[in-house]
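Here is the structure we will look at, set down as C-alpha cells.
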C-alpha cells in the first residue's frame, strides 16, 4: 500500500499477495488428505475476510481502504480453498484481479488529480471533474460489491455457495461470508461517495488544478472496467443455465483424491439461487446504509466516530495488530538482543577478561611473594648475618691506623696492668 | 611445466613469502612501488592458483592431489607433506581470491609504515595457504602459529583506538587454544606407533615409526580407544572452536574485527575463521569419529546458540562493523550446524557456506571500510539515505546484503538451504532453529541497510559523499561474480565436494550409506 500506486495495483491484484492462494491450490493434493487443516484454512479465511472488512469500514486513506479490501477478498479465496472449492478460489482470484487493479489504478488517478492527496477527508465532489476515473471506479465498485452479472458476482457467489454446501462447509461460514459481502458494499460505496459525491473538501489551492488524468492512465482503467464486467462469464454457473466452464477447465488439476469424503449433499438449483439472492440482498443493505450515511448527508467525522462508538478506534487502528506484534515480537527480540549483548559484554567477555585479570593479578601476587617472601628470607638471612657480624666487623676495618691505635691501647692497658695491677 | 605441476602447492603457498622477501629489499620511502609490488604479487599468486582448479581431478576428489612428501625433521618424524582434496581446494581458492582483494582495498587506507604493512599481509597469506595444504600435523601447526604473528601486528599497529587490547586478546586467546591443540596432536603422535604395530594394514602403508602424518592418523582412527578420542576431541575443540569462533569463545572476534583495518577484517572473516572449521573437517571428524559422534549434541547445541545469539546481538549493534562481526558468529553457527549433522547434505552445505561466508562477509567488511574511509565513523546513526549520493555503492551493498541473508539466486541461499536439508534429516528442531536464525538474519541485515542507505539524507556530513571509485569497485566485482556463480550454478562446487564429503561421512558413520540405501528401498517399495 505504501508503494507507488501502479505497484500496489500489481501486487494486490494479481501477483504477490495472491501467491499464497495459488500455493494452497497447487498443493491441493496435500490439503485434501488433511481435512482438519482445510477447516483451519476455511475458518482463517472467513475470519480474515470479516476482520479486514471491518477495518476497511473506517479508513480515511483511499489506498488503505483498498488494501484492506484486498485482505478481505483474499479471505474469501482462502475460505473457498478451505471448503474444497479450489476452482472457485482461483476463479475469484482471477475476477478480483480485474476490479482490484482497476480500483487501485483509479485511486492513483484520483491521487494524481489532487496532487498526491490520499486522504478521502480532503476529497469529495470529484464526479464531474474527473469523469472517466469516476465511471470506471464505479464499475469496479459494482463488480466487487457483487452486483449481479458483473465479474465479482459469479465468483463470490460460487464461494459463498460452496462455503455452505460443500462437505467441509458450514452455515456459519456462509453467514460470515454473507456479512462480509454487506460490509464490502458498504465500505466501497463509502469510498465512492466520500471521493466523488457530496461537498468538496479539497483545499482551494489544489481545487483549481484538478484535472482528468492523461490517456496513458485512463485507457488502462477503461480496459480493466470492461474486464470487471465480462470476466465472470467464463464461469457462468449451472443454476443460471451456464456450464461452469472455468471449473471444468480446472477439473484435471483439482481432481479429488481417492479418499472417502462421503457423498456430497444434493441441493437444487433453486436453493443455490435463493442463497445468491440472500447475499445480493445483504449487499444491497450495505449499499443502502452507505448511501444514507455518506451520500444523502455528506461525510462528517464526528458522526462517523459516534456511529461506531468505542469500536471506532479499534477499527481505525486495525485491531492494534501492529502494536501487538511490536509488543510481542519486535520489542521482545530487541530486548533479547540488548540483553544478550550485555550478557556478552559482562558475562562472556567478563570471563575472558576475568581470566586475563586473574592471570595478571596472580602474576603480581607471585611477584610480591617472590620479592617479599622468597627474596625476603634470603635478604633476612643476609641481613641477620650482617647484623650479627657487626661487632666483628669493627675490628676488621682495614685501616692501619686503627690497628695501630688498638695495639697502642692494648699495650698501654697491658703496661698499666703490669705496673699497678699486680701490686 | 611439469616441474610447476609437481610442485604447484609449494609454489602457490610460498609465492607470497618470496614476494615478501623481495619487498623487504625495497626502499621504504617508495610507497607507490611497494603498493604496486604487493598487489602484483597477490594477483600473480591468484593466477598461479588457477591451475589447481583446472587440473584438479574431480573423479578422485576424495584423494589427496598435487602431493609432495619430503622428509623434514627426521628425528621426530615430521615431514614436509602437502596435498589437497576437494575441501581444501575450495579453501585455497578462496584464500588466493580474497588475498589480492584485501591488499587492493588497502591502497589508500594505509599511510603509515606502508612497507611493514605489506610485508605482514604477504606473510599472512603464505601462512593461511600453508594451513590449508598441510598434511603433516607438525607442518600444519607451524603454519597455524606463524599466521598469528602478522595478524597480531596488523591489528596492533594499523588498528583503531583499542587496537592493543584487541591485538593481545586475539593473540593470547588463539594461542591458548593452540596449546591445547598441540597437546592433542602430541597424544596422537605418541599413541600412533602402538596402534600401528597392532594393525599390519596400517603399518604396511604408513610404517610403525613416530609420525605426524594426518593420513596415518586417519588410518588408525577406528582403532583409537574412546577415552583418547574423548579427550583429544575436547583439546581439538578448544583450539578450533576459538578460531571459528563458536559460542562462548567468540568475544575476541568483535574486538578484533572492529579494531583491525579493513583488509585485516576481510582476511580475518573470510579466511582465518575458516581455519577453525577446516580443522574440524580435516582432523576432528576423520581422526576422532567416535569422539565426534559422542559430542554431536554438544556441538549442535553450541551451533544453535551461536546462530540465534549472534543474530540477536548483531541486531542491536550501533556500529556497522560490530554488527557484521556478530553476524559472522551467527553464520559460522550455520557452518558448524551443517558439519555436525554428519550427513552429506549437512557437510556439503557447511563447506559451501564457508565459501559463501568468505565471499559475503568479506565483501561486507570491504563495504563498511569504504564508508569508513570517507566518514571516519561506522556508527549506523550517523548515516541514512546514502543511496541518494552513492548509488553504485548502494547497489553493491544491496547485493551483498541479500547474499548474506540467503536470498535465492545468490550464494547464501545455496549454503543455508543445503545445511537446513542436512539438519532436517537428523532432527526437525535443528532445522527450526536454523530457520529462526535466517529470519533474524534478514531482520538485522535489512534493518542495517534501511537505516544506512534508504530514506532522505538527514546528516549534512553525508551530502557530499563520493561514490565508489574504480579501485573500490574492482575489490567487490569479483566477489559479486562468485556470489552469483554459486547462487545460479553451484554444480562445479558440489562436484568437487561430493566425493570428499561422502568419504568423510563414511569415516565418521561407516554404516550411513547402507542405512540410507535401506531407507530409499523402503520408500520405493512400501511394506
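Protein chains in written order, with my numbering: chain E, 3 to 425; chain P, 178 to 704.
From the three backbone atoms N, C-alpha and C, an ideal C-beta is built for every residue, glycine too.
Keep in mind the model is a prediction, meaning the values are calculated, not measured.
In terms of alpha-carbon separation, which member of the options lies closest to residue i?
i: residue 97/E; options: 346/E, 359/E, 229/E; result: 229/E
i: residue 510/P; options: 618/P, 379/P, 300/P; result: 618/P
i: residue 686/P; options: 458/P, 466/P, 282/P, 229/P; result: 466/P
i: residue 187/E; options: 55/E, 81/E, 10/E; result: 55/E
i: residue 514/P; options: 584/P, 530/P, 500/P, 432/P; result: 530/P
i: residue 387/P; options: 253/P, 277/P, 534/P; result: 253/P
i: residue 577/P; options: 534/P, 485/P, 232/P; result: 534/P
i: residue 581/P; options: 545/P, 622/P, 596/P; result: 622/P
i: residue 144/E; options: 177/E, 176/E, 193/E, 169/E; result: 193/E
i: residue 651/P; options: 682/P, 573/P, 240/P; result: 573/P
i: residue 222/E; options: 110/E, 91/E, 415/E, 423/E; result: 110/E
i: residue 645/P; options: 241/P, 312/P, 543/P, 666/P; result: 543/P
i: residue 117/E; options: 22/E, 290/E, 208/E, 321/E; result: 208/E
i: residue 274/P; options: 663/P, 659/P, 682/P; result: 659/P
i: residue 227/P; options: 585/P, 271/P, 205/P; result: 271/P
i: residue 247/P; options: 547/P, 335/P, 183/P, 691/P; result: 183/P
i: residue 46/E; options: 120/E, 35/E, 134/E, 165/E; result: 165/E
i: residue 9/E; options: 69/E, 57/E, 25/E, 50/E; result: 69/E
i: residue 248/E; options: 238/E, 395/E, 242/E; result: 238/E
i: residue 264/P; options: 249/P, 250/P, 502/P, 242/P; result: 242/P
Apart from the five residues on each side of it in sequence, which residues of its chain come closer than 7 Å, Cβ to Cβ, to residue i?
i: residue 332/P; result: 340, 343, 344, 347, 433, 436, 437, 441
i: residue 359/P; result: 318
i: residue 333/E; result: none
i: residue 196/E; result: 122, 125, 126, 296, 301
i: residue 210/P; result: 203
i: residue 323/P; result: 304
Per DSSP, residue i is paired with what?
i: residue 257/P; result: 247/P
i: residue 293/P; result: Paired residues: none, contrary to the question.
i: residue 556/P; result: 496/P
i: residue 167/E; result: Beta-bridge pairing links residue 167/E to no other residue.
i: residue 63/E; result: 121/E
i: residue 313/P; result: 390/P
i: residue 242/P; result: 261/P
Identify, in the order they occur along the chain, each residue of the same chain with its Cβ nearer than 6 Å to the Cβ of residue i, setting aside the five sequence neighbours on each side.
i: residue 180/E; result: 281, 284
i: residue 420/P; result: 452, 453
i: residue 298/P; result: 280
i: residue 481/P; result: 610
i: residue 704/P; result: Only weak support exists for where residue 704/P lies, its pLDDT of 46 falling under 50; the value from the coordinates is given anyway. Within the same chain, residue 704/P has no close Cβ partners at all.
i: residue 422/P; result: 430
i: residue 603/P; result: 518
i: residue 183/E; result: 148, 281, 284, 285
By the criterion of Cβ-Cβ separation under 7 Å, what are the contact partners of residue i in chain B?
i: residue 342/E; result: The structure shown contains no chain B; the protein chains it does contain are E and P.
Report all residues from its chain with a CB closer than 8 Å to the CB of residue i; omit the five preceding and five following residues, and keep chain order.
i: residue 13/E; result: 5, 19
i: residue 402/E; result: none
i: residue 354/P; result: 415, 416, 417, 418, 419, 420, 426
i: residue 594/P; result: 526, 583
i: residue 220/P; result: 277
My parser needs the alpha helix (DSSP H) runs of 4 or more residues fully inside the stretch 577-625 of chain P; what are they? 588-603
Would you be able to state if there are at least three C-beta pairs under 8 Å between the stretch 75-86 of chain E and the stretch 25-45 of chain E? yes
Does the stretch 469-478 of chain P touch the stretch 403-415 of chain P, meaning 3 or more C-beta pairs lie closer than 8 Å? yes
For the stretch 479-499 of chain P against the stretch 383-399 of chain P, are there 3 or more C-beta pairs whose distance is under 8 Å? no
Using a Cβ distance threshold of 8 Å, determine whether the stretch 450-457 of chain P contacts the stretch 373-382 of chain E, with at least three qualifying pairs required. no
With contact counted as at least three CB pairs below 8 Å, one residue from each stretch, are the stretch 470-487 of chain P and the stretch 514-528 of chain P in contact? yes
Entirely within the stretch 64-136 of chain E and at least 4 residues each: give me those alpha helix (DSSP H) ranges in chain order. 64-84, 88-115
Ranges of the alpha helix (DSSP H) found wholly within the stretch 517-571 of chain P, counting only runs of at least 4: 521-552
Any 3 or more C-beta pairs closer than 8 Å across the stretch 630-643 of chain P and the stretch 550-568 of chain P: yes
List, from N- to C-terminal side, the alpha helix (DSSP H) runs of 4 residues or more that fit wholly inside the stretch 344-378 of chain E. 351-370
Kindly confirm or deny that the stretch 203-212 of chain E and the stretch 67-81 of chain E touch, where touching means at least three C-beta pairs closer than 8 Å. no
Does the stretch 259-266 of chain P come into contact with the stretch 181-193 of chain P, if we say contact requires no fewer than three beta-carbon pairs (one atom in each stretch) closer than 8 Å? yes
Whole alpha helix (DSSP H) runs in the stretch 348-435 of chain P with 4 or more residues, listed along the chain? 377-383, 391-396, 403-420
Which ranges does the alpha helix (DSSP H) cover as unbroken runs of at least 4 residues, wholly within the stretch 314-348 of chain P, from first to last along the chain? 314-323, 325-335
Can you list the alpha helix (DSSP H) stretches of 4 or more residues lying completely in the stretch 233-320 of chain E, in chain order? 247-252, 271-292, 303-310, 313-318
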